[in-house]
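*Asks:* In the working numbering, the protein residues as written are 2 to 428. Heads up, the beta-carbon is just placed ideally off N, CA and C, and yes, glycines get one too.
1. Just tell me which of 307, 263, 68 has its CA closest to the CA of residue 428.
2. Is it right to say residue 19 is buried, meaning 16 or more other beta carbons lie within 10 angstroms of its own, or is it exposed?
3. Buried or exposed for residue 130, going by 16 or more other Cβ atoms inside 10 Å?
4. Quick one: any contact between the region 355-366 and the region 310-321, if contact means 3 or more CB pairs under 8 Å?
5. Taking the alpha-carbon positions, what's the residue 418 to residue 425 distance?
6. Taking the alpha-carbon positions, what's the residue 80 to residue 24 distance?
7. Answer yes if the region 402-417 comes into contact with the region 300-316, meaning at least three C-beta pairs across the two stretches below 8 Å, and no otherwise.
8. How many angstroms separate the CA atom of residue 343 from the CA atom of residue 360?
9. Suppose you measure from the CA of residue 372 to the CA of residue 422; what does that come to, to the nearest Å?
10. Once DSSP output is grouped into helix, strand and coil, what is the label at residue 74?
11. Mind checking residue 141: buried by the 16 CB within 10 Å criterion, or exposed?
12. Following the continuous alpha helix (DSSP H) through residue 377, name the residue where it begins and the one where it ends.
13. Please classify residue 292: does DSSP put it in a helix, a strand, or coil?
14. Helix or strand or just coil, what does DSSP make of residue 408?
15. Any idea what DSSP makes of residue 192, helix, strand or coil?
16. Report the three-state DSSP secondary structure of residue 401 (helix, strand or coil).
17. State the DSSP-derived secondary structure class of residue 141, mapped to helix, strand or coil.
18. Around the Cβ of residue 97, are there at least 16 other Cβ atoms within 10 angstroms (buried) or fewer (exposed)?
19. So, is residue 65 buried or exposed, given that buried needs 16 or more other C-beta atoms within 10 angstroms?
20. Comparing C-alpha positions only, which one of 395, 393, 136, 22 sits nearest to residue 39?
21. Name the residue from 116, 259, 274 whose alpha carbon lies nearest to the alpha carbon of residue 456.
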């Protein structure tokens, strides 16, 4: 955990930089830092290269993690974002202890102290740098320019989503209705939306399994049934001598392996703090640890999907993840949720909608290199690559028309990678 002194140290740096920007604008050093070391990381394309070594995988994860931290601050407030990015290096962003500073900044109720007015020369700096580096179509850049230099209407207006060039009709199967208050892009967090419930974070774990393990002959529980469940069954382990789940072909007595309710300790080994917080938590009866994470791993006995991981996402994180993965804006009007597309087009779930079509860089950015590697080795993804499809259908998000509902994110994983991840989540 980060001490109060450390939090105050970072907040002081941000406050001092914000004061400098208000009184003296950006310095030449600020401009060089942004141009040479920050803007490509935050607003540029995240280049995905094959990681042949563990060091390369770690480096790719650090970059994607830092990028997401910077973008989360920008989603909170563009004025705060500029001061933040100028004084907080990527090496600090990737530390687990930095989550406390993030939590503090995102929970602020008033961002007026960070409001700044920059000069026309600084505006020209951002415009010329964006043109030089090819950043001028990035929605984060466009929103930043609209927020800090509002007199000019930039191409991406309030409420307009990012370009959807990689989505086609098959990528969108059904939909629901929603539209957020346009006065703020900040993702609201509630008292129940903690990374972990009080007292759970420091637990070393339980002696028994944290998952409910079921060997089923029937179909698995539907996503809608899963969303209605708030209390999980106690941990159970049932053994079976029938066809093991790693067999590609099943015998006449096919068995279906499903694991539910991952341990909090387990998800922390697989995902970063933001995804750990985004996954809904369930209470577990007769278990030493009263809270588990709503993660299901499904090993079907047949088909192209070797392993299907399902994450039940808290409703407050749906909008950010939809934009980060599918480049669409999920909004709500009253009690109806919808998905906003380009030029004001809206898609309404009836009663559900499934988003598909994700780039490799978005998978790494959101879920990390381990999940990306497991997706890359699944048979469905191998088939897509053989057909020349850079956008994968192996990541999907199911939304309903109710804004109070969360979402289900499904990830198709390779068998080996799926079992490796399963061992972390359910031990």
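*Replies:* Let me spell this out:
1. Translated into the one-based positions of the chain shown, residue 428 becomes position 427. Of the listed residues, the one whose Cα sits closest to residue 428 is 263.
2. Reading the chain shown from its first residue, position 18 is the one you call residue 19. Residue 19 is buried by the Cβ-count criterion.
3. Along the chain shown, read from residue 1 onward, the residue named residue 130 stands at position 129. Result: buried.
4. no
5. For this step, residue 418 is matched to residue 417 along the chain shown. For this step, residue 425 is matched to residue 424 along the chain shown. Their Cα atoms are separated by approximately 11 Å.
6. As a working note, residue 80 is residue 79 in the chain shown. As a working note, residue 24 is residue 23 in the chain shown. Roughly 14 Å between the two C-alpha positions.
7. yes
8. For this step, residue 343 is matched to residue 342 along the chain shown. For this step, residue 360 is matched to residue 359 along the chain shown. So the two alpha carbons sit approximately 19 Å from each other.
9. The residue you call residue 372 lines up with position 371 of the chain shown. The residue you call residue 422 lines up with position 421 of the chain shown. Distance between the alpha carbons of residue 372 and residue 422 is about 8 Å.
10. Taking the first residue of the chain shown as 1, we reach residue 74 at position 73. Three-state DSSP puts residue 74 in a helix.
11. Start at 1 with the first residue of the chain shown, and residue 141 comes out as number 140. Its Cβ being crowded by 16 or more others within 10 Å, residue 141 is buried.
12. Residue mapping note: residue 377 aligns to position 376 of the chain shown, counting from 1. Taken as a continuous stretch (DSSP letters only), the alpha helix (DSSP H) holding residue 377 covers 370-377.
13. In the chain shown, the residue the question calls residue 292 occupies position 291. Residue 292 falls in the strand class under three-state DSSP.
14. Numbered from 1 along the chain shown, position 407 holds the residue referred to as residue 408. Strand.
15. In the chain shown, residue 192 corresponds to position 191, counting from 1. In this prediction, residue 192 scores a pLDDT of 36, lower than 50, which makes its location untrustworthy; no coordinate-derived value is stated.
16. The residue given as residue 401 occupies position 400 in the chain shown. If DSSP states are grouped into helix, strand and coil, residue 401 belongs with the strands.
17. If you number the chain shown from 1, residue 141 lands on position 140. The answer is helix: DSSP assigns residue 141 an H, G or I state.
18. The sequence position of residue 97 within the chain shown is 96, counting from 1. When all chains shown are included, residue 97 counts as exposed.
19. Here residue 65 corresponds to residue number 64 of the chain shown, with the count starting at 1. The residue in question, residue 65, is buried, as its Cβ has 16 or more Cβ neighbours within 10 Å.
20. In the chain shown, counting from the first residue as 1, residue 39 sits at position 38. It is 136 whose Cα lies nearest to the Cα of residue 39.
21. No answer is possible for residue 456: it lies beyond the span of the chain, which begins at 2 and ends at 428.
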